[in-house]
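Novice:
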Amino acid sequence: MVIRDKKALLANSELLSGLSEEMLDRLLSMTVTRKLGKNDTLFAKGDPGDSFFGVQEGKIKIVTTSPNGKEVTLNIIEEGQFFGEIAMLDGMDRTADAIAMEKTDLLVIQRRDFIPFLEKHPKLCIQVMQLLCRRVRLTSEMVEDAAFLPLDARLAKRLLNLAELYGEDLDSGGVLIGLNLPQQELARMMGTSRESVNKQLQIWRAQNWIELARGKVTIHDHEALARVLESAEMD
Numbered sequence: 261m262v263i264r265d266k267k268a269l270l271a272n273s274e275l276l277s278g279l280s281e282e283m284l285d286r287l288l289s290m291t292v293t294r295k296l297g298k299n300d301t302l303f304a305k306g307d308p309g310d311s312f313f314g315v316q317e318g319k320i321k322i323v324t325t326s327p328n329g330k331e332v333t334l335n336i337i338e339e340g341q342f343f344g345e346i347a348m349l350d351g352m353d354r355t356a357d358a359i360a361m362e363k364t365d366l367l368v369i370q371r372r373d374f375i376p377f378l379e380k381h382p383k384l385c386i387q388v389m390q391l392l393c394r395r396v397r398l399t400s401e402m403v404e405d406a407a408f409l410p411l412d413a414r415l416a417k418r419l420l421n422l423a424e425l426y427g428e429d430l431d432s433g434g435v436l437i438g439l440n441l442p443q444q445e446l447a448r449m450m451g452t453s454r455e456s457v458n459k460q461l462q463i464w465r466a467q468n469w470i471e472l473a474r475g476k477v478t479i480h481d482h483e484a485l486a487r488v489l490e491s492a493e494m495d
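Counted the way our numbering counts, the sequence shown spans residues 261 to 495.
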C-alpha cells in the first residue's frame, strides 16, 4: 500500500501516533522527500545520524557486515514505518547500512528540527522512550534466539513472523509471504549460509509445508512450522 498522504504517514506511525493535529502539522512542515532506486544506499555504517525516515513507498533493509565480509539483515522496513531514530536521537554515527530493496520514496526529518520539537512535547518523549524499549526487547529476543535455538527453529520463527507481517491469504488456504525472498537474502536475515537455509527449506518443501517459487515463499502448513519452534523452545 502506497501512502500518498504524508500527514497520514506521520499520524499512523508507531512513533508519532496519537499526536494532535497541530503537532502533526508542525512535524509535516519539517519533512522533505527523498527517492531511491533499487539497491541504492540511503546511509552506511559510520555515517552521521542527522535524520530519521518514514517509508511512503517501497522497502528498506537494514544490514550490517562483519569484518570478514559476512552480511546480516537486521530488519526490513516497509511502507508506513519509520527508522533511523536511535542515531538521530543520540547524535552518534549509524551502526548499520540502509539499502533500498526496490524503488522507494521516503519522508526525511532532520535532527536539528526534531530535537527542539521533542524538548517541547513531553508526551512525544514518552512515546519515543516506549518505542526504544520495544526495540531493546526485540534485540534481546534476537540474541537469545541466535544463542539457544537451532537453525530449523529460527528459520521457522522467521517465516512465521514474515507471514504475519507480509502474508497474503490464498484461495488454496496457504499464505504467500509478500516479499521477494531469494534464499541468499533469507540467509542474511538468519546470519547463516545460503546452503544451510536451502537444505532446510527443501526438507519442508518435500513435506509440503512450504512452496518455493521465484524468490517467493508460500506457507501451506503453519501449524507444522509452529510445532518446530515450540519443540525447540521446550528443549
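Note that the Cβ used here is the ideal one computed from N, Cα and C, for glycine as well.
For residue 387, which option in 313, 345, 337 and 286 has the closest C-alpha, if you only look at C-alpha atoms?
Specialist: Within the sequence shown, numbered from 1, the residue matching residue 387 stands at position 127. Residue 345 is the option with its Cα nearest to residue 387.
Novice: Counting Cβ pairs closer than 8 Å, one from the region 448-460 and one from the region 374-389, do we hit at least three?
Specialist: In short, these stretches do not touch, since the Cβ pair count stays below three.
Novice: Straight-line CA distance for residue 293 to residue 266?
Specialist: What you label residue 293 is simply residue 33 of the sequence shown in a count that begins at 1. What you label residue 266 is simply residue 6 of the sequence shown in a count that begins at 1. Approximately 10 Å between the Cα atoms of the pair.
Novice: Just how far apart, CA to CA, sit residue 440 and residue 431?
Specialist: As a position in the sequence shown, residue 440 is number 180, starting the count at 1. As a position in the sequence shown, residue 431 is number 171, starting the count at 1. Distance between the alpha carbons of residue 440 and residue 431: 20 Å.
Novice: Buried or exposed, going by whether 16 or more other CB atoms sit within 10 Å of the CB of residue 269?
Specialist: Position 9 of the sequence shown, counted from the first residue, corresponds to residue 269. When all chains shown are included, residue 269 counts as buried.
Novice: Are the CB atoms of residue 290 and residue 369 nearer to each other than 8 Å?
Specialist: As a first step, residue 290 must be located in the sequence shown, where it is residue number 30. As a first step, residue 369 must be located in the sequence shown, where it is residue number 109. Yes, Cβ-Cβ distance for residue 290 and residue 369 is below 8 Å.
Novice: Under three-state DSSP, which class holds residue 291?
Specialist: The residue labelled residue 291 in the question sits at position 31 within the sequence shown. Three-state DSSP puts residue 291 in coil, outside helix and strand.
Novice: Nearest by alpha-carbon distance to residue 484: which of 452, 417, 383 and 429 is it?
Specialist: As a position in the sequence shown, residue 484 is number 224, starting the count at 1. Checked all of 452, 417, 383 and 429; the closest Cα to residue 484 is 417.
Novice: Please confirm whether residue 306 and residue 348 have their CB atoms less than 8 Å apart.
Specialist: Position 46 of the sequence shown, counted from the first residue, corresponds to residue 306. Position 88 of the sequence shown, counted from the first residue, corresponds to residue 348. Going by C-beta atoms, residue 306 is not nearer than 8 Å to residue 348.
Novice: Quick check: what's the CA-CA separation for residue 397 versus residue 391?
Specialist: Along the sequence shown, read from residue 1 onward, the residue named residue 397 stands at position 137. Along the sequence shown, read from residue 1 onward, the residue named residue 391 stands at position 131. About 10 Å.
Novice: Compute the Euclidean distance between the alpha carbons of residue 468 and residue 424, then round it to the nearest angstrom.
Specialist: Locating residue 468 in the sequence shown gives position 208, where the first residue counts as 1. Locating residue 424 in the sequence shown gives position 164, where the first residue counts as 1. When rounded, the distance between both Cα atoms is 20 Å.
Novice: Identify whether residue 453 lies in helix, strand or coil by the three-state DSSP scheme.
Specialist: Your numbering for residue 453 matches position 193 in the sequence shown. Residue state, collapsed to three classes: coil.
Novice: What does DSSP give as the partner residues of residue 436 in its beta bridges?
Specialist: On the sequence shown, residue 436 is found 176 positions in, with the first residue counted as 1. In the DSSP output, where bridge partners are listed per residue, residue 436 has 428 and 478.
Novice: Leaving out the 5 sequence neighbours to the left and right, which residues in its chain are closer than 6 Å to residue 443 when beta-carbon positions are compared?
Specialist: Against the sequence shown, residue 443 aligns to sequence position 183. If we look at residue 443 and ignore the five residues flanking it on each side, its Cβ neighbours are 454, 457 and 458.
Novice: Should residue 394 go down as buried or exposed, given a rule of 16 or more other Cβ atoms within 10 Å for buried?
Specialist: Numbered from its first residue, the sequence shown carries residue 394 at position 134. That one is exposed.
Novice: Span of the beta strand (DSSP E) holding residue 387?
Specialist: Residue mapping note: residue 387 aligns to position 127 of the sequence shown, counting from 1. Element bounds for residue 387: not the beta strand (DSSP E) but the alpha helix (DSSP H), 382-408.
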